[in-house]
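> Numbered by the working numbering, the letters in the sequence shown go through residues 1046 to 1551 in order. We treat Cβ as the ideally placed atom computed from N, Cα and C, and that holds for glycine. Can you keep this structure in mind? I'll have questions shortly.
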Amino acid sequence: MLTRNINEAGHLIYGKPLNDEFANIGMLYTYLTDETGEPVTFTFNGKSASRPLADFDFGADQIWLVAIEHMLEHGRQHDFEMMLENKQHHLFMELEDEESDCLFSVIKVPVEAGNKRLMFTLLRNITPLLRSNSLSGSRNALFKMVAENVPDVFCVIDIHGNLIFLSPSFTQLTGYKISEFTPKLLISILSADSFARIRKVWNDFQQLNDGNYSGGDIHPEHTEIELKRRDGSKCWVEIISAPYADAAGRLEGIHAIIRDVTERKTRQEAIHSSLKHERELSEVKSKYISNVSHEFRTPLSIIYSNLQLLESHRFELDKQTIDDAFELSKMAVKSLLRVLDKVTIVDAAGKGKLELKPAEVNIVEFCNSLVSECTEMTLIDNRIRLKTNGIIPNMNVDEYLLKNILSNLLQNALIFSERHSEVIFSIGFNHKGWLHFEIRDQGIGIPETDLGYIYEPFYRASNARMIKGSGLGLTVVAECIKLHKGEISIESTPGKGTLVLVDIPI
């Protein structure tokens, strides 16, 4: 490791480099930054200076000027943060000169000099290593250093599928030792879908296995898979793989970089979920505006047309016609109030502000009143037959909520059945002693595929979308029953009718 000795004057006396193999690579540039991130001392090949560039002779190798300027311009904030963290960092910087790409090794080490906290930066051009044709020596040393010091996993597999190299970061990623890696382990930590993706990468590689290939025609493959760590937790990794060949162009195997992208994946899923939620809210809002607007338009049109009639012909109309106009207008107003009640209840329930306020209610009188209101709405007498099973005493219930439960169910029974068909409304008690209501109609029924969604706001069954309605009625019913801690069940056969059972504890 690098010796980190500082004399009293604050000058760094650096000793042995990070790896002996780098001793003769080429030129070396170092500098110190103070606690503010400001560079203060510079050296180049053993020569010290107070300025970063002007006092050094870089000769023809002008890429150094680009590298040093880049580090001094962009590294200040990074140095300051690393000094606070007191962590050593090793990174690589790739730059382009007029002839080719150049790679610099950058080592940053936080040091202390008395009460001062400084950052030592060592910059070395390691491009000659990459240009070497030897597969041993310096290139192996560089590969080893990179593989052992970066969090990404490096993996090399030969043409027969044998694992040639796996970097130590595999253990950090999965919790398994490299010595434990076997095909059986790979199968156990991958889902079926992830294993299929890995298999596809290998199959694509095998298609090139004719002994020769053109490197220019090969592009790295990117794939993402989910794997299970030793501790049972799961993580997402990105695999960037590409084939490699010998100097003669013969395919030798695959090398790959495996990177933990769990955090990125989590952020993407959170964004996707948020966008999905926004779309759902937008759809609900659109349905709300469309349905409620329609529910308002009809009664408002009735009120307006009757007002026009009374205004234009008030001296010509007989008493019966005037009474009918007023009656129709009153019914339209009641229809508007029912829609507003539904909207108010759904809104209050969504905000957690819907409250249960029980009081003593004469259930039979209450139900008779509901039947009268619903009959008035349809203008057809005797459509609802009320049946009481036994003596029904007064009960402590929330009259407002119970009215919204039963009136919405009765209205649905009337709306979704033939105009003159009978609706049976029964009151009694169930086996638990709870107040029990049954509403049976002979209407269009509800398809089985829709039954799981009918309590959702604005949902309309597939066979009911051409019939007027806000799509809020059963949502209101469900919310009001929930506050009573009651139960509801629906039995329905398309074309034959629906039976709704409501039980309210008392």
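DSSP on GLU1536, reduced to helix/strand/coil?
Strand at GLU1536.
> In angstroms, rounded to a whole number, what distance separates the CA positions of THR1543 and ASN1457?
Those two C-alpha atoms are separated by around 10 Å.
> In angstroms, rounded to a whole number, what distance separates the CA positions of PHE1466 and GLU1328?
The sequence shown places Ser at residue 1466, not Phe. Each residue's Cα considered, the two are about 35 Å apart.
> Please report the residue range of the beta strand (DSSP E) in which GLY1473 lies.
Start and end: 1468-1474.
> Roughly how many angstroms separate the alpha carbons of ILE1070 and TYR1076, rounded to a whole number?
Its pLDDT being 43, under 50, ILE1070 is placed unreliably by the model, and nothing is read from it.
> To the nearest angstrom, how far is the alpha carbon of ILE1408 from that of ASP1443?
Straight-line Cα distance between these residues: approximately 11 Å.
> According to DSSP, which residues form a beta bridge with LYS1432?
SER1471, per the DSSP bridge assignment.
> Could you tell me if TYR1349 is buried or exposed, where buried requires 16 or more neighbouring beta carbons within 10 angstroms of its beta carbon?
Flag for TYR1349 reads exposed.
> What residues match up with CYS1200 in a beta bridge as DSSP calls it?
Per DSSP, LEU1211, ALA1301.
> Distance, Cα to Cα, HIS1358 vs GLU1372?
Near 17 Å, if we compare the C-alpha coordinates of GLU1372 and HIS1358.
> Compute the beta-carbon to beta-carbon distance between HIS1529 and ILE1512, rounded to the nearest angstrom, for a pair I have assumed lies under 8 Å.
That belief does not hold up - the Cβ atoms of HIS1529 and ILE1512 are roughly 28 Å apart, past 8 Å.
> Where does TRP1247 land, buried or exposed, given buried means 16+ other C-beta within 10 angstroms?
Classification of TRP1247: exposed, given that the 10 Å Cβ count is below 16.
> Taking the alpha carbon of THR1081 as the point to measure from, which residue in ALA1094, ILE1108, LEU1129, LEU1110 has its own alpha carbon closest?
The shortest C-alpha separation from THR1081 is found at LEU1129.
> Have a look at MET1138 and TYR1500 and give me their C-alpha separation to the nearest angstrom.
Roughly 59 Å separates the two Cα atoms.
> Could you give the DSSP three-state label for TRP1247: helix, strand or coil?
Note: TRP1247 maps to helix in three-state DSSP.
> Could you tell me which of LEU1454, ILE1270, VAL1282 sits nearest to ALA1241, measuring between CA atoms?
Minimum Cα distance to ALA1241 is reached at ILE1270.
> If I measure Cβ to Cβ from PHE1474 and keep anything under 8 Å in the same chain, skipping five residues before and after, which residues do I get?
Here the set comprises ASN1434, GLY1435, LEU1480, HIS1481.
> Evaluate contact between the segment 1302-1311 and the segment 1276-1290, counting only Cβ atoms and requiring at least three cross-stretch pairs below 8 Å.
Yes: the two stretches touch, three or more of their Cβ pairs being nearer than 8 Å.
> So is LEU1385 buried or exposed if we call it buried at 16+ other beta carbons inside 10 Å?
Flag for LEU1385 reads exposed.
> Check the DSSP bridge columns for TYR1074 and list the partner residues they point to.
Paired residue(s): PHE1089, LEU1168.
> Can you tell me where the beta strand (DSSP E) holding ASN1441 begins and where it ends?
1440-1442 is the extent of the beta strand (DSSP E) around ASN1441.
> Less than 6 Å between the CB of ILE1347 and some heavy atom of the ligand NAD, yes or no?
Among the components of this structure there are no ligands whatsoever, and the ligand NAD is therefore not found.
> Hey, how far is the Cα of SER1462 from the Cα of SER1278?
Spanning the two alpha carbons is a distance of roughly 55 Å.
> Taking the beta carbon of ALA1237 as the centre, do at least 16 other beta carbons fall within 10 Å, making it buried, or is it exposed?
So ALA1237 counts as exposed.
> Within a Cβ cutoff of 6 Å, which residues of the same chain sit near GLU1532, ignoring the five residues on either side of it in sequence?
These residues qualify, in order along the chain: ASP1548.
> Measure from the alpha carbon of ILE1469 to the alpha carbon of each residue in LEU1140, LEU1455, GLY1478, ILE1460, then state which is nearest.
The candidate whose alpha carbon is nearest that of ILE1469 is LEU1455.
> Along the chain, where does the beta strand (DSSP E) that runs through SER1233 open and close?
Where SER1233 is concerned, there is no enclosing beta strand (DSSP E), although the alpha helix (DSSP H) it sits in stretches over 1228-1234.
> Just verifying my parser: in three-state terms, what is the DSSP assignment at THR1394?
Checking the sequence shown, residue 1394 turns out to be Ala, not Thr. Helix, per DSSP.
> So, is LEU1136 buried or exposed, given that buried needs 16 or more other C-beta atoms within 10 angstroms?
Label assigned to LEU1136: exposed.
> Is DSSP giving ILE1547 helix, strand or coil here?
According to the sequence shown, residue 1547 is Val rather than Ile. Three-state DSSP puts VAL1547 in a strand.
> Buried or exposed: SER1534, going by 16 or more other Cβ atoms within 10 Å of its Cβ?
Exposed is the call here.
> For ILE1204, which of GLU1083, MET1422, GLN1251 has the nearest alpha-carbon?
Nearest C-alpha to ILE1204: GLN1251.
> Going by C-alpha to C-alpha distance, which of ILE1152, VAL1156, THR1078, LEU1110 sits closest to ARG1121?
Taking only the C-alpha atoms, the option nearest ARG1121 is THR1078.
> Note down the Cα distance separating LYS1379 from GLN1365, rounded to an integer number of angstroms.
Their backbone Cα atoms lie some 21 Å apart in a straight line.
> Does the Cβ of GLY1488 have 16 or more other Cβ atoms within 10 Å, making it buried, or fewer, making it exposed?
Buried, because 16 or more other Cβ atoms sit within 10 Å of the Cβ of GLY1488.
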